[in-house]
Every structure is written in C-alpha cells, then in structure tokens.
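Reviewing the structure listed below.
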Amino acid sequence: MVNNKRVYPNSKKVIRLAYSRYPTNVYCLQGPGFFINKKTSLLLLAQGGMAKSYFKQEHDLEKRRAEAARIREKYPDRIPVIVEKAERSDIPNIDKKKYLVPADLTVGQFVYVIRKRIKLSAEKAIFIFVDNVLPPTGAIMSSIYEEKKDEDGFLYVTYSGENTFGAQIPL
C-alpha cells in the first residue's frame, strides 16, 4: 500500500466504476485479465481471463441442449442459469451450479441471490460476468438471456470477488 491505496504492479490505467451505491476504483491489468471497452465503458475480460466452464466439461453438448430444452418447456417463465466461480478468485464456492431464475428478475437481484448462497458478508464485493462482460445491475435477466445464452440453451454466469480483478472500494 502506498498513501493508503493499494498498488498493483502491472496496472496501467485506473477508472471509476459506479457499482450499486458504492464508487469503485478498478485497476486494469496488462495481459490476460480485463480491460475497459472505451465505446461502451463496459468492463470486459480478456480472452484468457476466465477458464472454460466446468459444467461444459462435465456434460456433452447434446445432453446440455436436451436438459435446457426440457427446462424451458416445463418452466417457460424461468431461465436456466449455470453459475460458476472464476478460477483464480478467493471468494467462497457456491453450493449449486444450476438455477432456474424468474425471467423478470434483475441482475442486481440475482447478485443478491448469489451473495446469500455463498454467505458473503456485506462489506465484500462480488462481480458477475456474462460472456466475459459485467452486465448492468438494472438489466432484466430475460434480456441478458436472449442476448447471451449459449448454444446449449443455458446462460453461463461467472462470479468473482474484488481481489481477483484488483478492485478497491474507498472508505
């Protein structure tokens, strides 16, 4: 720490992110990690930032497609979501991967569900990524699903704590 601030040796740029009510400093790291899309100001993960889904590795495409189709047929007002922790994150593991999310739920409400499932304290930050993008907290899950669903019919969400990506919440 220097002058009461965290220092990240490979950081090249600092930006200000408004996440919920708390402004957040985000340090963009060089190489694999994440970067800011200058046009949209979205926090994006670089190609090597996230590992391939364990769920995809454990189940073949046809089995996943059939399961997602069965779920969507049985529960048309729900969205099948796979939630997995980022590989290098120090945040707790989630107890289950598959969720049936109401279509009208917001991303912020879904983050709350994840926080409760991993029993994360209020002072710790959590970030969720869909297709390596940090979605807006006010976005509706059904719109995220329509834009970002995988070829198998599931929406893949990755969550991470602040330390993995070098974020700092000022006091």
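So the sequence shown is numbered by my numbering: it starts at -4 and just counts up by one.
Here a beta-carbon is modelled for each residue, glycine too, at the ideal position from N, C-alpha and C.
Quantities reported herein were computed from a predicted structural model and do not represent experimental measurements.
Top-ranked residue by Cα proximity to residue i, from the options
i: F122; options: S155, V102 and F105; result: S155
i: L95; options: A81, T132, R65 and H54; result: R65
i: K119; options: A81, I74, V78 and P87; result: P87
i: Y107; options: I77, V128 and T132; result: T132
i: L129; options: G103, E141 and E146; result: G103
i: V76; options: A63, E142 and R83; result: A63
Straight-line Cα distance separating residue j from residue i
i: K111; j: P71; result: 25 Å
i: I139; j: P97; result: 12 Å
i: E53; j: A117; result: 33 Å
i: R67; j: K144; result: 13 Å
i: G225; j: S48; result: Not covered by the structure: residue 225. The range shown for the chain is -4 to 166.
i: D126; j: L150; result: 9 Å
i: I109; j: L56; result: 26 Å
i: Q42; j: K51; result: At Q42, the pLDDT of 37 sits below 50, so the modelled position is not reliable and the matter cannot be decided from this model.
i: L38; j: S137; result: A caution first: L38 carries a pLDDT of 49, below 50, which makes its placement in the model unreliable, though a value can still be read off. If I take the Cα positions, the gap works out to 21 Å.
i: E146; j: A81; result: 21 Å
i: A168; j: F105; result: Because residue 168 is not part of the residues shown, which for the chain are -4 to 166, the question remains open.
i: L115; j: R83; result: 17 Å
Identity of the residues DSSP links to residue i by a beta bridge
i: S138; result: Paired residues: none, contrary to the question.
i: Y154; result: K80 and I123
i: Y183; result: The requested residue 183 is not part of the displayed model; the chain covers only -4 to 166.
Contact check, residue i vs residue j, beta carbons under 8 Å
i: F124; j: T101; result: no
i: E79; j: K69; result: no
i: I89; j: I74; result: no
i: D99; j: I135; result: yes
Any non-hydrogen atom of the ligand FAD closer than 7 Å to residue i Cβ
i: P130; result: As presented, the structure is devoid of all ligands, the ligand FAD included, so that no description of it is given.
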